[in-house]
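Comments concern the structure below.
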Amino acid sequence: SVVCVSHDEL
Amino acid sequence: MNIFRLVGDMSHLLAIIILLMKMWKSRSVAGISGKSQILFAIVFTTRYLDLFTSFVSIYNTSMKVFFIGTSYVTVYFIYQHFKPTYDSNHDTFRVEFLIVPVGGLAFLVNHEFSLLEILWTFSIYLESVAILPQLFMVSKTGEAESITSHYLFALGSYRALYLLNWIYRYYFEGFFDLIAVVAGCVQTILYCDFFYLYITKVLKGKKISLPA
Numbered sequence: 002s003v004v005c006v007s008h009d010e011l
Numbered sequence: 720m721n722i723f724r725l726v727g728d729m730s731h732l733l734a735i736i737i738l739l740m741k742m743w744k745s746r747s748v749a750g751i752s753g754k755s756q757i758l759f760a761i762v763f764t765t766r767y768l769d770l771f772t773s774f775v776s777i778y779n780t781s782m783k784v785f786f787i788g789t790s791y792v793t794v795y796f797i798y799q800h801f802k803p804t805y806d807s808n809h810d811t812f813r814v815e816f817l818i819v820p821v822g823g824l825a826f827l828v829n830h831e832f833s834l835l836e837i838l839w840t841f842s843i844y845l846e847s848v849a850i851l852p853q854l855f856m857v858s859k860t861g862e863a864e865s866i867t868s869h870y871l872f873a874l875g876s877y878r879a880l881y882l883l884n885w886i887y888r889y890y891f892e893g894f895f896d897l898i899a900v901v902a903g904c905v906q907t908i909l910y911c912d913f914f915y916l917y918i919t920k921v922l923k924g925k926k927i928s929l930p931a
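First to last, the sequence lines map onto chains A and B. Quick note, in this note's numbering, the first sequence goes up one by one and the last residue is 11. Quick note, in this note's numbering, the second sequence goes up one by one and the last residue is 931.
Right, here's the structure in full:
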């Protein structure tokens with residue numbers, strides 16, 4: 002499955 | 720953390736350091752768009768509000784704090800410390816034409832209709848176009864110092880490297896963030912013309928000067 006969002010980037 | 724993201728972050732970090740060094744060593748902010756730098760300060764402030772709500776890693780937190788802090792130092796340099804050298808006559812891009820549509824779009828197209836999420840989306844959209852006042856200034860004056868070109872190249876490379884990071888994450892982690900990807904593509908495309916000039920001129924020892 003595709004993980005859509007997690008704001009772990011900069 | 721893959722290599723594209725790490726090198727992208729380092730490129731972003733390098734861009735900020737190049738800009739600060741240029742201003743500090745030359746005691747001048749000539750050729751730098753204060754408007755773009757204000758937009759970057761808004762971008763970092765609205766994106767990193769999650770510093771208060773979630774923790775990812777020491778690396779993530781310290782980079783966020785550094786980006787927010789240096790963006791305000793940069794704005795302070797331009798509008799206070801080195802104000803006499805600021806070329807406001809050539810920094811005439813109308814930023815409301817960016818902020819208003821981007822704000823509206825963030826309100827309409829987001830992952831989740833909540834305050835933090837809308838502000839995050841706003842920052843992603845705004846970052847993609849925040850360099851326009853700077854590029855407008857370069858095209859208006861028809862030239863850019865080599866050091867300003869290095870800054871722009873490092874800053875543009877960062878999002879291009881993030882595109883590779885997103886391709887990598889899609890295949891190996893099943894991660895996909897449509898908003899970030901579309902905005903990242905727009906952001907990178909805006910730099911293409913500059914990348915061309917940088918490779919054909921600056922790397923051969925010439926500075927960028929456009930025909931009048």
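Even glycine gets a Cβ: it sits at the ideal position worked out from N, Cα and C.
A direct Cα-to-Cα measurement between Y917 of chain B and K926 of chain B gives close to 9 Å.
Neighbours of V775 of chain B in chain A, taken as residues at a C-beta separation under 7 Å, are given in chain order as D9. Contact with chain A is absent for N721 of chain B, since none of that chain's Cβ atoms lies less than 8 Å from the residue's Cβ. Listed along chain A is no residue with a C-beta nearer than 9 Å to that of R878 of chain B; the closest approach is about 11 Å.
Cβ atoms of T765 of chain B and F841 of chain B come within 8 Å of each other, at about 6 Å. Between the region 808–827 of chain B and the region 867–886 of chain B there are fewer than three C-beta pairs closer than 8 Å, too few to call the two in contact. S928 of chain B sits in a strand when the DSSP states are folded into three classes.
Take the alpha-carbon of I761 of chain B and the one of V900 of chain B: they are about 20 Å apart.
Here F763 of chain B is not near L854 of chain B, since their CB atoms are 8 Å or more apart.
Taking the beta carbon of M782 of chain B as reference, the chain A residues within 8 Å of it are L11, listed in sequence order.
Contact of W743 of chain B with chain A is not assigned, every C-beta pair being separated by 8 Å or more. In summary, the residues of the region 784–817 of chain B whose CB is separated from some CB of chain A by less than 9 Å are F786, in the order they occur in the chain.
Residue burial is scored here from C-beta neighbours: Y910 of chain B has at least 16 other C-beta atoms within 10 angstroms and is therefore classed as buried. In the structure shown, E815 of chain B falls within a helical segment according to DSSP collapsed to helix, strand and coil. L827 of chain B counts as exposed, since fewer than 16 other beta carbons sit within 10 angstroms of its beta carbon. DSSP, read as helix, strand or coil, puts E862 of chain B in strand. In this structure V905 of chain B does not touch D9 of chain A by the C-beta definition: roughly 22 Å separates them, more than the 8 Å allowed. For V901 of chain B, the enclosing alpha helix (DSSP H) covers residues L897 to T919. Within its own chain, the residues whose Cβ lies closer than 8 Å to the Cβ of V794 of chain B, once the five positions on either side in sequence are excluded, are G753, Q756, I757 and A760, listed in chain order.
With the rule of 3 Cβ pairs closer than 8 Å, the region 735–742 of chain B does not count as touching the region 883–903 of chain B.
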